[in-house]
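Colleague: Provided herewith is a single structure, encoded as structure tokens, for subsequent inquiry.
There are 2 protein chains.
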Amino acid sequence: MSEHPTAALDDVVHQRHRLGVLTIASEAKRVEFGYLRTTLELTAGNLSRHISVLEDAGLLEVEKGYEGKRPRTWVTITAAGRKALAREMDALRALLERHDER
Amino acid sequence: MSEHPTAALDDVVHQRHRLGVLTIASEAKRVEFGYLRTTLELTAGNLSRHISVLEDAGLLEVEKGYEGKRPRTWVTITAAGRKALAREMDALRALLERHDER
Chain A
1 MSEHPTAALD DVVHQRHRLG VLTIASEAKR VEFGYLRTTL ELTAGNLSRH
51 ISVLEDAGLL EVEKGYEGKR PRTWVTITAA GRKALAREMD ALRALLERHD
101 ER
Chain B
1 MSEHPTAALD DVVHQRHRLG VLTIASEAKR VEFGYLRTTL ELTAGNLSRH
51 ISVLEDAGLL EVEKGYEGKR PRTWVTITAA GRKALAREMD ALRALLERHD
101 ER
């Protein structure tokens, strides 16, 4: 594999909205869909698509339920999700270090 | 604009192959197409598409010429390209700092 730090990046994780979802999800036990939508300023449709990509890749788990009478969706990062995010962060760190040394 | 660091990322710059092209181009006066292709392990077609996106956005300049009898293509990062890359790096740094503090 190429030595360049960007070669270690995985599009599933690296895409900026998905990177936002994973980093927020890594900061809590679970995160509510509405919170993600407003924090990342995404449409519900766009956020749902990104969550599905992450869920299909096994990086997130999606839970549907109710808060009182209101339907709610929560996402939780999986162990595989934490590992994938750690690889992304390591690659970004290497990219920044290389860029700062140029 | 959302406070989350990923909201400051620009897809034109953030896409991993384009990020690779810009960071390598920022390390030299100009960079030869073949070097980019092998370093980033891209096909010529894929690399050309990414270079066109960056050129259309005014972040790269493309120069065609000859080395001896061999046709050559070089890319040079523009001032706008350096600014865009600096914004990307600042956002990635903020993302890493936030992630490390969680």
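Chains as they are written, first to last, in full-length UniProt numbering: chain A, 1 to 102; chain B, 1 to 102.
Using N, Cα and C, we set each Cβ at its ideal position, and we do this for glycine too.
Less than 6 Å between C-beta atoms, sequence neighbours within five positions excluded: which residues of the same chain meet that for F33/B?
Modeller: Within the same chain, F33/B has close Cβ partners T73.
Colleague: Cβ of V12/B within 9 Å of Cβ of A79/B?
Modeller: In this structure, A79/B does not lie closer than 9 Å to V12/B by Cβ.
Colleague: Decide if the stretch 52-61 of chain A is in contact with the stretch 10-29 of chain A; the criterion is three or more beta carbon pairs, one per stretch, under 8 Å apart.
Modeller: They touch, by the three-pair rule.
Colleague: DSSP puts V31/A in a beta bridge; with which residues?
Modeller: DSSP lists V75/A as partners of V31/A.
Colleague: What are the boundary residues of the beta strand (DSSP E) that E63/B is part of?
Modeller: Note, E63/B: beta strand (DSSP E), L60 to E67.
Colleague: For a cutoff of 9 Å on Cβ pairs, would you count L85/A as touching chain B?
Modeller: Chain B contact via Cβ: present.
Colleague: Return the chain-ordered list of same chain residues with a C-beta closer than 8 Å to the C-beta of L40/B, the five sequence neighbours on each side being excluded.
Modeller: Only H17, G20, V21, I24 and L47 meet the Cβ criterion.
Colleague: Indicate the three-state DSSP secondary structure (helix, strand or coil) for R37/B in the structure shown.
Modeller: DSSP places R37/B in helix when its eight states are reduced to three.
Colleague: Under 8 Å Cβ to Cβ from A94/A, same chain only, skipping five residues before and after it: list those, please.
Modeller: Cβ within range, chain order: P5 and A8.
Colleague: Among D10/B, E63/B and R87/B, whose alpha-carbon lies nearest the alpha-carbon of V31/B?
Modeller: If we check each option's Cα against that of V31/B, E63/B comes out closest.
Colleague: Using alpha carbons as the reference points, say which of T38/B, H14/B and S52/B lies closest to V75/B.
Modeller: Of T38/B, H14/B and S52/B, the residue nearest in Cα terms is S52/B.
Colleague: Closer than 9 Å, CB to CB, is T23/A near chain B or not?
Modeller: Chain B contact via Cβ: present.
Colleague: Just to confirm before moving on: does the CB-CB distance between H50/A and S26/B stay below 9 Å?
Modeller: No; because the gap between Cβ atoms is not below 9 Å, this pair is not in contact.
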